[in-house]
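Heads up, the sequence shown is in the numbering used here, so the first residue is 220 and it goes up one at a time.
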Amino acid sequence: MSETLTELSPEVAVIGGGPAGLMAAEMLCRAGRRVELFDAMPTVGRKFLLAGRGGLNLTHSEPYPQFLQRYGERAAALQPMLDTFTPTDLRDWCEELGIATFVGSSGRVFPLDLKAAPLLRAWLRRLHAQGLQVHSRHRWQGWSEDGALRFTHPGGETLCRPRATLLALGGASWARLGSDGSWAPLLAARGVDLAPLRPSNCGFEVRGGWSEYLRSRFAGQPIKPVSLRFEGRNQQGEFVLTQHGIEGSLVYAFSAALREAIAREGQATLTLDLLPQHPIDKVRAQLARGQGSKSLAAFLKSQFGLQGLKLALLHEVLGEAVHDHARLAEGLKALPLTLSATRPIDEAISTAGGVRFEVLDGHGQLKALPGVWVSGEMLDWEAPTGGYLLNACLAHGRWVGQRMAESLA
């Protein structure tokens, strides 16, 4: 079959079928705009579905002022969008789609069945009923010489000439699901200022690597409960030991600070409290009593319940110093771990960097490209896991869709 060249002229072209793009499309369709959505993958919402594989974390139930603080330096920039689609609004939106939600023990919010697919199906049914047209397997290739959007697809090439364009192409992690960052050079060539794309909510490599014993026996196992301290901040949770270092929710909460420290200094040293329920004075007192005829492993298990991976990690870092009770006490309560690098960006849950907020006008439109809006993870912001990423993508997509509808009207 020979390749063909076709042309489309929708009122609005939305490029990217993730949460931000779909939510913007919903707002535009509600406003009566004629919207066509283009996605490079065979189906939309691929990363959304992957996020729900272990239980879709929609948002977080903590007090709203505390919720906003999770967005760090970009909290002020994102607040107008989040104010229009708060965690409570998100839960109400799910209810409208027939998806009940609940608050877990950690404060995170999930669908009642913990699945992403029913929510996505219900959402797409409503979008199609509102008139949204979806073009799958259409990969955006930038603009033609006369300013048309260019898409390649299995049948050839399509040129699209919309009145307004929304780019919602995601970051640069999990390229196999569609977000590969290939849009960055296309925008940079058009004069759009970008912050470099960097891994966020990512794993880290430990300096020097783990011993073969630790890797072969414990890689993939969780360490819990444990407290992590870095740059004066302390948080309790859990993480996973990997072949190369560490990853997991507790590590992700510190990923931005760890990444920036490594960029500045070449490494970052955090400390782990392996016994967060035991005060340091109590630990010292119990160690001072001596282990008697017990082996060190048996003594630590009987006194503190310490065994398995925690015990192995203690030996890995302290070596022979575990037999010095003073050093052992310090190690149990502040075990130093030096990280040398982030894992590759494609392994990260999300990315930092992207289109700077400063190059947008007050309505989310690119100053350098009138008629082109940007939303979601393409923008230069980041947040930890826990529902913050998804809530912000949905909120920003909603806000931008409303601004675009107002502009078209």
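C-beta atoms are modelled at their ideal positions from N, C-alpha and C, and glycine is treated no differently. Quick caveat, the model's predicted, so the values are computed rather than measured.
Whole-angstrom distance between residue j and residue i, CA atom to CA atom
{"i": "Q285", "j": "H279", "result": "10 Å"}
{"i": "G428", "j": "R380", "result": "52 Å"}
{"i": "G291", "j": "L413", "result": "19 Å"}
{"i": "A335", "j": "R503", "result": "48 Å"}
{"i": "L533", "j": "I568", "result": "29 Å"}
{"i": "H357", "j": "I564", "result": "24 Å"}
{"i": "T490", "j": "R448", "result": "5 Å"}
{"i": "A587", "j": "T223", "result": "32 Å"}
{"i": "T673", "j": "A367", "result": "Since the first residue shown for the chain is 220 and the last is 628, residue 673 is missing from the structure and cannot be characterised."}
{"i": "R345", "j": "L416", "result": "34 Å"}
{"i": "R289", "j": "A270", "result": "19 Å"}
{"i": "L506", "j": "V541", "result": "11 Å"}
{"i": "S221", "j": "L227", "result": "Below a pLDDT of 50, predicted positions are generally treated as unreliable, and S221, at 47, falls in that range; the measurement from the model is reported next regardless. If I take the Cα positions, the gap works out to 19 Å."}
Residues bridged to residue i (per DSSP)
{"i": "D399", "result": "In the DSSP output, where bridge partners are listed per residue, D399 has none listed."}
{"i": "T488", "result": "T557"}
{"i": "N453", "result": "R448"}
{"i": "A571", "result": "R417"}
{"i": "T384", "result": "A232 and V591"}
{"i": "P330", "result": "T320"}
{"i": "Q352", "result": "E255"}
{"i": "E423", "result": "Here the sequence assigns Phe to residue 423, which means Glu is not the residue at that position. DSSP lists I465 and T561 as partners of F423."}
Span of the alpha helix (DSSP H) around residue i
{"i": "G271", "result": "Element bounds for G271: n/a, residue is neither H nor E."}
{"i": "K443", "result": "Run containing K443: none in the alpha helix (DSSP H); it sits in the beta strand (DSSP E), P441 to F449."}
{"i": "V541", "result": "Taken as a continuous stretch (DSSP letters only), V541 belongs to no alpha helix (DSSP H), as it is neither H nor E."}
{"i": "Q298", "result": "A294 to T303"}
{"i": "L287", "result": "Y283 to Q288"}
{"i": "Q505", "result": "I499 to A507"}
{"i": "F321", "result": "It is not in any alpha helix (DSSP H) - F321 instead sits in the beta strand (DSSP E) that spans T320 to V322."}
{"i": "V635", "result": "Residue 635 is absent from the model: the chain starts at 220 and stops at 628."}
{"i": "Q496", "result": "Unbroken run through Q496: none, as it is neither H nor E."}
Buried/exposed call for residue i, threshold 16 Cβ in 10 Å
{"i": "T570", "result": "buried"}
{"i": "K501", "result": "exposed"}
{"i": "Q621", "result": "buried"}
{"i": "A474", "result": "According to the sequence provided, residue 474 is Ser. The question's Ala does not apply to it. Classification for S474: buried."}
{"i": "S419", "result": "buried"}
{"i": "R249", "result": "exposed"}
{"i": "G439", "result": "exposed"}
{"i": "Y607", "result": "buried"}
{"i": "Y432", "result": "exposed"}
{"i": "H347", "result": "exposed"}
{"i": "D399", "result": "buried"}
{"i": "L338", "result": "buried"}
{"i": "E625", "result": "exposed"}
Boundaries (first-last residue) of the beta strand (DSSP E) holding residue i
{"i": "E226", "result": "T223 to L227"}
{"i": "G464", "result": "G464 to E466"}
{"i": "E230", "result": "Counting along the chain, E230 falls outside any beta strand (DSSP E), and DSSP gives it neither H nor E."}
Please determine if the segment 392-411 and the segment 436-448 are in contact, where contact requires at least 3 C-beta pairs separated by less than 8 Å.
no
If you pair each beta-carbon of the segment 231-251 with each one of the segment 314-334, do three or more pairs fall below 8 Å?
no
contact_flag[the segment 575-590, the segment 540-552] where n(CB pairs < 8 Å) is 3 or more
no
Should the segment 502-516 be regarded as contacting the segment 453-465, the criterion being three or more beta carbon pairs within less than 8 Å?
no
Can at least three beta-carbon pairs, one atom from the segment 315-322 and one from the segment 258-270, be found at a separation below 8 Å?
no
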